[in-house]
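A.B. asks: Right, I'll just put the structure down here and ask away after.
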Amino acid sequence: MKKYLLSLAALTLIAIPQVFAVPLIKGDVAAYRVRELSTGMDWYTSLPQALQEGARTGKLVVWIHMLGKIDGAT
Amino acid sequence: MSLSQEPAFSVLKNDFVTGYQDITGESYAGVSGVHMPTGNAVATTNGAGPHNLQTFVLAPDGTVMTCLPGYWAPQDLVSELRLGQDLYKVWTDRSLSRADKDQRFRYMQQAHLRSHPPQEARRSKMQGFDQKYEAKNRLQTSDCILDSRLASVVLEKGMKPPMGAFKTTDQIMHDRMMQRPFVPYQQFDVVAYTDYGRPFYNKNEDQRTATGEVNKDLAKGQPLMGNTAQMPGMAKRARRQQQGQLARGRMMNRGAGYYARRGVQTFVRAMR
Numbered sequence: 003m004k005k006y007l008l009s010l011a012a013l014t015l016i017a018i019p020q021v022f023a024v025p026l027i028k029g030d031v032a033a034y035r036v037r038e039l040s041t042g043m044d045w046y047t048s049l050p051q052a053l054q055e056g057a058r059t060g061k062l063v064v065w066i067h068m069l070g071k072i073d074g075a076t
Numbered sequence: 061m062s063l064s065q066e067p068a069f070s071v072l073k074n075d076f077v078t079g080y081q082d083i084t085g086e087s088y089a090g091v092s093g094v095h096m097p098t099g100n101a102v103a104t105t106n107g108a109g110p111h112n113l114q115t116f117v118l119a120p121d122g123t124v125m126t127c128l129p130g131y132w133a134p135q136d137l138v139s140e141l142r143l144g145q146d147l148y149k150v151w152t153d154r155s156l157s158r159a160d161k162d163q164r165f166r167y168m169q170q171a172h173l174r175s176h177p178p179q180e181a182r183r184s185k186m187q188g189f190d191q192k193y194e195a196k197n198r199l200q201t202s203d204c205i206l207d208s209r210l211a212s213v214v215l216e217k218g219m220k221p222p223m224g225a226f227k228t229t230d231q232i233m234h235d236r237m238m239q240r241p242f243v244p245y246q247q248f249d250v251v252a253y254t255d256y257g258r259p260f261y262n263k264n265e266d267q268r269t270a271t272g273e274v275n276k277d278l279a280k281g282q283p284l285m286g287n288t289a290q291m292p293g294m295a296k297r298a299r300r301q302q303q304g305q306l307a308r309g310r311m312m313n314r315g316a317g318y319y320a321r322r323g324v325q326t327f328v329r330a331m332r
């Protein structure tokens, strides 16, 4: 019984930090995703031009306000 | 990060025109740690960081169909983008009067919120530091607080708010959008719309250990971006960073002097 409780306590100590840890996306994966995003579609930096393209294609415009650049530091 | 993940990536690429603007220096912009494209990333909750990121869905005439404050999970983002497309059908319906359109806008925002699955509500829990900010600064007036008595619990050290104290961020978003039917982008009050939680949002992605915990020493020295001048405590932080640099410089000079007196020139140059 004592052995069982000790094993349980050890398992808890190992498992709890993993359960509550923030899932981290590693830098190389994040860099790949940023590259896919910034090169996989056109990104307008002029709102009038984006709206003009929306009118031409009949699509809505997703216009993002962000700190930084889509392919740079954010 | 959610933009590059499916289903958001394909929907954005195929069904929308995409664009962005850097809001550094705008009055409504918040503050964030500088995050390089090659740095680590973390997933967060819906609506986190509303001052630093806003996603507008605009009609080609510049009318705002919807606006998402902060980060949103890819599947939830897509659901809101689809709402934007449905609202556009209402906006361009010539058989409806402006009053009818506004009424439908409010109804559809409300109905969309009711259709959110419980998992989305869980993903939309307001960040703890934002809850504290709301409770501390506007306990009686915040539209993010459902019950001020319950919300005040977060002000006690180590305490978490009970259920029903705060709105979820998806509720805050739809409630606020309901008050802004078909507003032209140029007239959209971004300041008021994104005003919840503290202006400083940072997940310290590059200052974490392998298990995901923040290394506080590294986090303190992290460079910031956005409206840093307006951030409370920023002057103190800059002073602390400057003092740290001076102290490091003094230590290096002291070390360099010691070796220089003993004729170790290469080391002196390397230190400088």
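Those protein sequences? They're chains A and B, same order as listed. Sequential numbering of the first sequence, starting at 3, is according to the numbering used here. Sequential numbering of the second sequence, starting at 61, is according to the numbering used here. Ideal Cβ placement from N, Cα and C applies to all residues, glycine included. Source: prediction; values computed, not measured.
Any idea what DSSP makes of residue 175(B), helix, strand or coil?
C.D. replies: helix
A.B. asks: Residues of the stretch 100-119 of chain B with a CB closer than 8 Å to any CB of chain A: list them in chain order, please.
C.D. replies: Residues 100, 101, 102, 103, 112, 113, 114, 115, 116, 117, 118, 119.
A.B. asks: Using the Cβ count rule (16 or more neighbours within 10 Å means buried), how would you classify residue 230(B)?
C.D. replies: buried
A.B. asks: Between the beta-carbon of residue 117(B) and the beta-carbon of residue 62(A), is there less than 7 Å?
C.D. replies: yes
A.B. asks: Return helix, strand or coil for residue 46(B), following the three-state DSSP convention.
C.D. replies: Beyond the ends of chain B as shown, which are 61 and 332, falls residue 46(B); an answer cannot be given.
A.B. asks: Can the beta-carbon of residue 88(B) be found closer than 7 Å to that of residue 243(B)?
C.D. replies: No, the pair does not count as a contact, with Cβ atoms beyond the cut-off.
A.B. asks: Anything in chain B within Cβ reach of residue 41(A), meaning under 7 Å, just list it in chain order.
C.D. replies: The contacting residues do not exist; residue 41(A) stays about 11 Å from chain B at best.
A.B. asks: Roughly how many whole angstroms lie between the Cα atoms of residue 193(B) and residue 171(B)?
C.D. replies: 29 Å
A.B. asks: For residue 40(A), which residues from the same chain have a beta carbon less than 8 Å from its beta carbon, with the 5 sequence-adjacent residues on both sides left out?
C.D. replies: 72, 73
A.B. asks: Kindly indicate which residue of 220(B), 236(B), 125(B), 173(B) has the alpha-carbon position closest to the one of residue 202(B).
C.D. replies: Scanning 220(B), 236(B), 125(B), 173(B) for the CA closest to the CA of residue 202(B) turns up 236(B).
A.B. asks: For residue 259(B), which option in 226(B), 112(B), 216(B), 124(B) has the closest C-alpha, if you only look at C-alpha atoms?
C.D. replies: 112(B)
A.B. asks: Cβ of residue 205(B) less than 7 Å from any chain A Cβ?
C.D. replies: no
A.B. asks: Since residue 210(B) and residue 196(B) should fall inside the 8 Å C-beta cutoff, what is the C-beta to C-beta distance between them, to a whole number of angstroms?
C.D. replies: 15 Å between Cβ atoms; not a contact.
A.B. asks: On the CB-based measure, 16 or more other CB atoms within 10 Å of its CB, does residue 190(B) come out buried or exposed?
C.D. replies: buried
A.B. asks: Three-state secondary structure (DSSP) at residue 139(B)?
C.D. replies: DSSP, read as helix, strand or coil, puts residue 139(B) in helix.
A.B. asks: The ligand ADP and residue 135(B): does any heavy atom of the ligand fall closer than 6 Å to the residue's C-beta?
C.D. replies: The ligand ADP is not among the ligands present in this structure, which contains no ligands whatsoever.
A.B. asks: Do you know offhand how far residue 67(A)'s Cα is from residue 115(B)'s?
C.D. replies: Straight-line Cα distance between these residues: approximately 6 Å.
A.B. asks: Please name the residues in the stretch 64-81 of chain B whose beta-carbon is closer than 8 Å to at least one beta-carbon of chain A, in chain order.
C.D. replies: 64, 65, 69, 72, 73, 75, 76, 77, 78, 79, 80, 81
A.B. asks: Which residue marks the beginning of the beta strand (DSSP E) containing residue 41(A), and which one marks its end?
C.D. replies: Run containing residue 41(A): none in the beta strand (DSSP E); it sits in the alpha helix (DSSP H), 29-42.
A.B. asks: Please return the same chain residues whose Cβ sits closer than 7 Å to the Cβ of residue 56(A), not counting the five positions on each side in sequence.
C.D. replies: 62, 63
A.B. asks: I'd like to know whether the C-beta of residue 84(B) is nearer than 7 Å to at least one C-beta of chain A.
C.D. replies: yes
A.B. asks: In angstroms with no decimal places, state the Cα-to-Cα distance between residue 119(B) and residue 148(B).
C.D. replies: Distance between the alpha carbons of residue 119(B) and residue 148(B) is about 7 Å.
A.B. asks: Which class does residue 247(B) belong to by DSSP, given the choice of helix, strand or coil?
C.D. replies: Looking at residue 247(B) - three-state DSSP - the assignment turns out to be helix.
A.B. asks: Name, please, each residue of chain A whose Cβ falls closer than 9 Å to the Cβ of residue 144(B).
C.D. replies: 62, 64
A.B. asks: Going by C-alpha to C-alpha distance, which of 109(B), 140(B), 234(B), 186(B) sits closest to residue 224(B)?
C.D. replies: Comparing Cα-Cα distances from residue 224(B) to each of 109(B), 140(B), 234(B), 186(B), the minimum goes to 186(B).
A.B. asks: Count the other C-beta atoms from every protein chain shown that fall within 10 angstroms of the C-beta of residue 160(B), then say buried if there are 16 or more, exposed otherwise.
C.D. replies: exposed
A.B. asks: Going by DSSP in three states, residue 69(A) sits in which element: helix, strand or coil?
C.D. replies: In this structure, residue 69(A) counts as coil in the three-state DSSP scheme.
A.B. asks: For residue 155(B), which residues in chain A fall below 8 Å Cβ to Cβ?
C.D. replies: Within 8 Å Cβ-Cβ: nothing; residue 155(B) doesn't reach chain A, min ~20 Å.
A.B. asks: Is residue 206(B) near residue 227(B), with beta carbons less than 7 Å apart?
C.D. replies: Contact: yes.
A.B. asks: Round the Cβ separation of residue 99(B) and residue 70(A) to the nearest angstrom and send it over; I've been treating them as touching at under 8 Å.
C.D. replies: Contact flag wrong, Cβ pair sits at about 12 Å.
A.B. asks: Suppose the cutoff is 6 Å on Cβ atoms and the five residues either side in sequence are ignored; what does the same chain contact list for residue 248(B) look like?
C.D. replies: 124
A.B. asks: Go ahead and pull the three-state DSSP assignment for residue 221(B).
C.D. replies: Looking at residue 221(B) - three-state DSSP - the assignment turns out to be coil, as it is neither helix nor strand.
A.B. asks: Output the boundary residues of the alpha helix (DSSP H) element that contains residue 208(B).
C.D. replies: 208-211
A.B. asks: Counting along the chain, where does the alpha helix (DSSP H) carrying residue 20(B) start and finish?
C.D. replies: Residue 20(B) is absent from the model: chain B starts at 61 and stops at 332.
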